[in-house]
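Peer 1: Chains as they are written, first to last, in the working numbering: chain A, 2 to 285; chain B, 6 to 314; chain C, 4 to 418; chain D, 43 to 401.
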């Protein structure tokens, strides 16, 4: 038994090490100087750790830029927040309502519609960029944060609807009947009974959608216009230059900085995440 | 009871009186329905229409029949990409399932510091595919990464150079992809394991069945739905795989690790081949529908059969 | 297709109506992919000059040429174009012009006599329907060969003048424990090396004829066969970590002496300078071995969106075009960028030795060559060329004959 | 009229008629139990009264009002579910008050009503707990409280006691009966448990395969089952059935099963008209009498239950169950003599199972 335990922890430890080592590389690289990176191995610890690269990634390097922006991530952090909050609320909210309507209010064709909607989960957004541009243009919101938010809602709704529909399908019918008899209509049943019930799955949907939206690059680049460029575009401007000289420590620091909000969400919500999934996503 | 277990709230017949909640429910579906029809299917149709034209940089509506499809099917890179999609799909989904399930089992064995391990395994989920690609490009680079590090430790013949080998590069996509998504799969499996009736464990303990057999023959079949959910979520990721290839291998060496989504985007945005790209996109979308329709069929049939309590 | 542009124009008008009115008449939004330090510093010179003339500059950097080009096109499509945008001149830009999405800067170009001051090949590429649709700001050379002098000395080799000399030198370098070629294994880098071989083996006329005609006979010719044989012979001189490597990592290998040669454009000088090395000192520059002297030019250029459907450049756009080609700006910009001026009439003496060599070479119009895309080849073809070269380079078991045949077919299929 | 009235109510799913022309009148203040096996349609019927499922045809009246097309909340009903269906995210207080809140009742009034119901059901101290912190019995009380607080004219109960253990079930039964007597409201109660039906109902409706088999008082349903189905469904252990003929044997009438003649005592006069006809005889276990004058039978098994014992007998080619007090234990394999209480027997047509009323 003792050996079994030892093997168990051994295996878990190895797995954890494998999962963590790339993250370790990012952090340690971001703390090194460029000379050390040019001459050393990526696995070594920084000889003289410093946060210069982090500062440069966050504030930019004003000496080297054109002036009105210093090219750091700080300028677009707020833009990202401005995009992610409404996009998250709308895509999750609409998914919750749609999933609820499809699961609870049996209507003719509800299953067909759900099936049709699911396809959206599998379409690579990049592949249908042009028609989307044309549509958003015709709506008159191209190049605005509003347009970008709509795009995120479009590409998020299939996933969120699926999460919520599958969860609401597991809610006992009696509960719905009781609420109907108590006089709750469509919205009040949703608001007072179903939404509070769905908190765990709401958490999971929010976390995953947050990750998708926060990490999006191409949609932000295309639809955000001049004012709506999210942090990932700024990140790309820092790290994605093809013909300029590379500063890997800044690249890594910038990457870490961009990932920090999502990282924090996962660190803080690990337990909630599993519980949320247990509550809905895997019940059948 | 005579009513099907899948009762739901049925609409009343007729409509003499006040506004009915069922009508509100229909109204509430309008946004989602609009998105589905206009964006998902409208875009697919648009893509098909464009694939019949000679559009290059911008959409033009000069039709050329199925020329673009002939060009597409004559294109070696397209076939490589499609073949890679199949390979990557099998490896990535299979790998996520296998490793996700194993990690979940290990964590479920009543260990200390469960929360720590769980968090660690879910950490990569917070990274974007771009970031994942960038990191793993480093790690797998033979001159910089793992190979060099192991050789520096004294194992001079150690080889891990898949990312630079055309015949192996596609596997590196799966490695990085699994690294990123294994946490989600683990969480799903863990949740499934937690939902299993503890009496099952008591029963198998009484029967003296070895633990591994219990997992293999008892628990795994019980987690069918979880496997299914994992399959669906991961196959959605495979179908959409784009960022990861761009960041990890750039489709290379050559185009040995290209995937259809990248092929399409490359041709539409960089190569003035909108028509050809659209043809590729349409084939890809058809593949998507072909792959997921059994799922949808299964899902809806399962519900028609009822899940009564 | 005119119908489409009207819609686009209308949409552009609607969505930018407010902001355009509010902005200064001399405002130009500049969308570009120059985000690295040296690139930004170079562009800042243009900005300074533009602002000194009363212009207002709105900066929209988007890293990565592909990303930036896509964003520029998408914003035009979406009806919210950037008034000035960096773009590659060539077929893609012509198509935008064809759709009526571009403004021309012909007026300022004729006032400033661009026709006489720019290399004729570039004049041709920057024009659509006889009018300038882009302002070429610089010339980069693609057939450079950078080398580590110490490494060459250690192996006892001179800078090779022909490809056979190169093979001999490479073997010696290998024996001395130095990687002969530091290559970034990405399709465009492999193509740059291929073009150097093509030029070196086939000569400048063959090169020009091949890419301007894409003639099937030339593609199937013995000369082409020899090009592929030579290119294939380079395979063993590259280290195994090459695939996927960024060009600047390869440059660093040369700087550090791990690798001896790199075939790369002159933007590599930026990386060399960043490492604290003067180009031409410990890291030397030469043209890639060739039977005759030529310079494969590639051009950074800016194009101008048709604002409110106007095909005539706005005052701000015209001013931008003018500023970009002013001799002082050309010098200041190109020194920082590592390229040479697009105008051949500006004094060369303040440039580094490599750039001076390039400027001197270009005085002879016979040496003028351009990169694949600038011959007016559609990007579908240049893309297929990249695919095909890269596939050949990375397929160990593909013979040069097979490579040549695949190259020929890829072009035929993409034409 | 007050109470509930169903006129020709029909239910079909996807064209398949599962219930046809149900007619029921439930008088104001009645405690009506819908009794039947799983799948008989009793829950469907209840759901139709509640408005949770639409009737395919026919009309439903509550207190004289046609409610066929009304939403559940417009029908002046309340419902208690087998699974309690408490809102898991709300406290007991909120659960009970939810229906009132939905109807826009002022907060302090809700508070007061909830408190009253809490006192009535003795759940006052639990009001601030969440349902998950309550025992099954407590949850059931809350569910009842949620229905009570609304003071509807009709209460609907859908197998409310099925999830409780035996003791609690018995207690709750008594409480429900008391509640009904105290409030005097109409109750429609669905169950498959005949004990609940017998103890609670003022009227029982036995349903099978979507049709009403019998609607009557509990006594009559037990004593005078309308057909063989009702006879067999009501009563435990179940009624004994024997196919055969009534025959004259001397002065007495016996029932001849073909393998033997069972003696009957106190046969009603009308039975003589049926002599010679093929019949099914139904005799409840307590109506098999041990009597030396009876027919010989063999004891197969005796099951003492405490107050009674059930004796399984092989007699005249059949196996019958008799019920007798515990005083005299029976042993398997011994002999016993039995006869049938003819005054309380039931007779059925063998073809359709309909009861034959003796004149």
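Ideal placement from N, C-alpha and C gives every residue a C-beta, glycine not left out.
Could you name the residues of chain B that residue 216 of chain A contacts, counting a contact when the two beta carbons are closer than 9 Å?
Peer 2: Chain B residues near residue 216 of chain A: 131, 132, 133, 134, 135, 136 and 248.
Peer 1: Give the residues of chain A in contact with residue 195 of chain B, contact being defined as C-beta atoms less than 9 Å apart.
Peer 2: Neighbours of residue 195 of chain B on chain A, chain order: 275, 278 and 279.
Peer 1: Give the interface partners of residue 118 of chain A over in chain B, defined as CB-CB distance under 9 Å, in chain order.
Peer 2: Under the 9 Å cutoff, chain B gives 37, 38, 40, 41 and 45.
Peer 1: Pull up the distance between the alpha-carbon of residue 360 of chain D and that of residue 284 of chain D, whole angstroms please.
Peer 2: Their Cα atoms are separated by approximately 7 Å.
Peer 1: What's the C-alpha gap between residue 110 of chain C and residue 350 of chain C?
Peer 2: So the two alpha carbons sit approximately 26 Å from each other.
Peer 1: According to the neighbour-count rule (16 or more other Cβ atoms, all chains shown, within 10 Å of its Cβ), is residue 396 of chain C buried or exposed?
Peer 2: Buried, since its Cβ has 16 or more Cβ neighbours within 10 Å.
Peer 1: Output needed for residue 289 of chain B: all residues of its chain with C-beta closer than 6 Å, excluding positions within five of it in sequence on either side, in chain order.
Peer 2: Result list for residue 289 of chain B: 265, in chain order.
Peer 1: Could you spell out the range, first to last residue, of the alpha helix (DSSP H) harbouring residue 180 of chain A?
Peer 2: Per DSSP, residue 180 of chain A belongs to the alpha helix (DSSP H) from 174-182.
Peer 1: Can residue 207 of chain A be considered in contact with the ligand SAH, in the sense that its beta carbon sits closer than 7 Å to one or more heavy atoms?
Peer 2: Here there are no bound small molecules, and the ligand SAH is not part of this structure.
Peer 1: Can you give me the start and stop residues for the alpha helix (DSSP H) that residue 106 of chain A sits inside?
Peer 2: Counting along the chain, residue 106 of chain A falls outside any alpha helix (DSSP H), and DSSP gives it neither H nor E.
Peer 1: Taking 8 Å as the CB-CB cut-off, is residue 58 of chain D touching chain A?
Peer 2: By this cut-off, residue 58 of chain D is not an interface position.
Peer 1: Quick one, are the C-beta atoms of residue 137 of chain D and residue 99 of chain D less than 8 Å apart?
Peer 2: Contact flag unset, no.
Peer 1: Within its chain, find whatever has a CB closer than 6 Å to the CB of residue 244 of chain D; leave out the 5 residues flanking it on each side and keep chain order.
Peer 2: 72 and 73.
Peer 1: Could you name the residues of chain A that residue 119 of chain D contacts, counting a contact when the two beta carbons are closer than 8 Å?
Peer 2: Correct list: 182.
Peer 1: So with Cβ pairs under 8 Å, would you call residue 178 of chain A a contact of chain D?
Peer 2: By this cut-off, residue 178 of chain A is an interface position.
Peer 1: Just curious, the alpha helix (DSSP H) that residue 166 of chain A is in, first and last residue?
Peer 2: Start and end: 146-169.
Peer 1: Does DSSP classify residue 160 of chain C as helix, strand or coil?
Peer 2: Note: residue 160 of chain C maps to coil in three-state DSSP.
Peer 1: Can you give me the C-alpha to C-alpha distance between residue 282 of chain D and residue 262 of chain D, rounded to a whole angstrom?
Peer 2: When rounded, the distance between both Cα atoms is 18 Å.
Peer 1: Within 10 angstroms of its Cβ, does residue 64 of chain D collect 16 or more other Cβ (buried), or is it exposed?
Peer 2: With 16 or more other Cβ atoms within 10 Å, it is buried.
Peer 1: Counting along the chain, where does the beta strand (DSSP E) carrying residue 32 of chain C start and finish?
Peer 2: Residue 32 of chain C -> beta strand (DSSP E) spans 30-35.
Peer 1: Using a beta-carbon distance below 8 Å, is residue 178 of chain B in contact with chain A?
Peer 2: It does not: the Cβ of residue 178 of chain B has no partner Cβ on chain A nearer than 8 Å.
Peer 1: Could you pull the start and end residues of the beta strand (DSSP E) that residue 59 of chain D belongs to?
Peer 2: From DSSP, the beta strand (DSSP E) with residue 59 of chain D extends over 58-68.
Peer 1: Could one say the Cβ of residue 299 of chain B lies closer than 8 Å to chain C's Cβ atoms, at least one of them?
Peer 2: No, residue 299 of chain B does not count as interfacial toward chain C.
Peer 1: According to the neighbour-count rule (16 or more other Cβ atoms, all chains shown, within 10 Å of its Cβ), is residue 291 of chain B buried or exposed?
Peer 2: Answer is exposed; the Cβ neighbour count stays below 16.
Peer 1: Pick from A:99, A:127, A:110 and A:44: whose alpha carbon is nearest that of residue 285 of chain B?
Peer 2: Checked all of A:99, A:127, A:110 and A:44; the closest Cα to residue 285 of chain B is A:127.
Peer 1: Three Cβ pairs or more, each shorter than 8 Å: is that satisfied between the segment 198-216 of chain A and the segment 35-51 of chain C?
Peer 2: Too few Cβ pairs lie closer than 8 Å, so no.
Peer 1: Does the separation of the CB atoms of residue 380 of chain C and residue 300 of chain C fall below 8 Å?
Peer 2: Taking 8 Å as the Cβ cut-off, residue 380 of chain C and residue 300 of chain C do not qualify as a contacting pair.
Peer 1: At a cut of 8 Å, does the segment 214-234 of chain B reach the segment 102-121 of chain A through at least three beta carbon pairs?
Peer 2: As far as the Cβ criterion goes, the segment 214-234 of chain B does not touch the segment 102-121 of chain A, which means the pair count is below three.
Peer 1: Do residue 250 of chain A and residue 38 of chain A have their C-beta atoms within less than 8 Å of each other?
Peer 2: It is a contact, given that the beta carbons lie within the stated cut-off.
Peer 1: For residue 198 of chain D versus residue 313 of chain D, is the C-beta distance shorter than 8 Å?
Peer 2: The answer is no: Cβ separation not under 8 Å.
Peer 1: So, with DSSP's three-state summary, where would you put residue 116 of chain C?
Peer 2: Reduced to three states, the DSSP call for residue 116 of chain C is coil.
Peer 1: Going by other Cβ atoms of all chains shown within 10 Å of its Cβ, with 16 needed for buried, is residue 242 of chain C buried or exposed?
Peer 2: Buried, by the Cβ-count rule.
Peer 1: In chain order, what are the residue ranges of uninterrupted alpha helix (DSSP H) at least 4 long that sit wholly in the segment 105-187 of chain B?
Peer 2: Here the runs fully enclosed are 119-127, 134-145 and 151-157.
Peer 1: Going by other Cβ atoms of all chains shown within 10 Å of its Cβ, with 16 needed for buried, is residue 257 of chain B buried or exposed?
Peer 2: Buried, because 16 or more other Cβ atoms sit within 10 Å of the Cβ of residue 257 of chain B.
Peer 1: Scan the segment 229-256 of chain C for residues whose Cβ lies nearer than 7 Å to a Cβ of chain B and list them as they occur along the chain.
Peer 2: Within the segment 229-256 of chain C, the qualifying residues are 242, 243, 244, 245, 246 and 247.
Peer 1: Which residues does DSSP pair with residue 402 of chain D in a beta bridge?
Peer 2: For chain D, the structure presents residues 43 to 401; residue 402 of chain D sits outside this window and is missing.
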